[in-house]
Ligand SMILES: Cc1cc2nc3c(=O)[nH]c(=O)nc-3n(C[C@H](O)[C@H](O)[C@H](O)COP(=O)(O)OP(=O)(O)OC[C@H]3O[C@@H](n4cnc5c(N)ncnc54)[C@H](O)[C@@H]3O)c2cc1C
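Residue numbers (our numbering): 9 to 113.
Here it is as structure tokens:
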């Protein structure tokens, strides 16, 4: 059966684009990542916050346990304004861990 060569063009070299590149590389599918900025995935975030849907994808790629080892569950969330006024407080995130996290370190 004739085979066609496939090359995937990924537009954007941030977390979604690089995760897709990782998945394609594992399947030996050719790809190119196009990134408008001078640097792919610059370290300009406060942290990496994963919900259960993202964690499931990382688990399918076999890298969730490594990431889980370097992080921890969020149980309390507080949001402040830049003048220090507390806008909100919730402990509801602990429910996500209680309901969805089945593995422990
Ligand atoms: C203010 C703010 C704070 C946040 N803080 C956090 C946090 O602390 N923790 C957390 O987990 N999440 C945080 N998020 C959410 C997080 O940034 C996004 O969920 C995540 O970046 C989405 O990833 P992405 O790869 O889908 O898109 P993006 O990160 O938006 O990446 C898109 C990439 O595509 C590139 N691009 C766009 N158009 C083109 C083009 N035409 N050609 C080539 N390249 C192109 C862009 O330059 C960019 O690099 C925050 C979001 C905001 C707005």
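Every residue gets a Cβ at the ideal spot worked out from N, C-alpha and C, and that includes glycine.
On a predicted model such as this, the values are computed, not experimentally measured, just so you know.
Rounded to the nearest angstrom, what separates residue 87 and residue 97 at their Cα positions? Looking at the two C-alpha atoms, the distance is approximately 7 angstroms.
From residue 95 to residue 60, what distance separates their C-alpha atoms? Take the alpha-carbon of residue 95 and the one of residue 60: they are about 25 angstroms apart.
Within the stretch 32-104, note down every full beta strand (DSSP E) run reaching 3 residues or more, in order along the chain. Positions of the beta strand (DSSP E) runs, each at least 3 residues long and wholly inside the stretch 32-104, are given as 38-42, 85-88, 94-98 in order along the chain.
Which residues in the same chain as residue 112 place their Cβ atom closer than 8 angstroms to its Cβ, once the five residues preceding and following it in sequence are excluded? In this prediction, residue 112 has a pLDDT of 49, which is less than 50 and means its spatial position is unreliable; what the coordinates show is noted afterwards. None.
Reduced DSSP category for residue 21 - H, G, I as helix; E, B as strand; rest coil: Collapsing the DSSP output to three states places residue 21 in coil.
Look at the alpha carbon of residue 66 and the alpha carbon of residue 47, and state the distance between them as a whole number of angstroms. Distance between the alpha carbons of residue 66 and residue 47 is about 23 angstroms.
When you compare the CB positions of residue 41 and residue 18, do they come within less than 8 angstroms of one another, or not? The answer is yes: Cβ separation under 8 angstroms.
Please identify the residue among 45, 28, 43, 49 whose C-alpha is closest to the C-alpha of residue 37. Comparing alpha carbon positions, the residue from 45, 28, 43, 49 closest to residue 37 is 28.
Please look up how many angstroms separate the CB atoms of residue 58 and residue 83, rounded, as I've assumed it's under 8 angstroms. A Cβ-Cβ separation of about 14 angstroms leaves residue 58 out of contact with residue 83 under the 8 angstroms criterion.
Spatial neighbours of residue 34 in its chain, beta-carbon cut-off 8 angstroms, leaving aside the 5 residues before and after: A distance below 8 angstroms between beta-carbons, with the five flanking residues on each side excluded, links residue 34 to the following residues of its chain, in chain order: 69.
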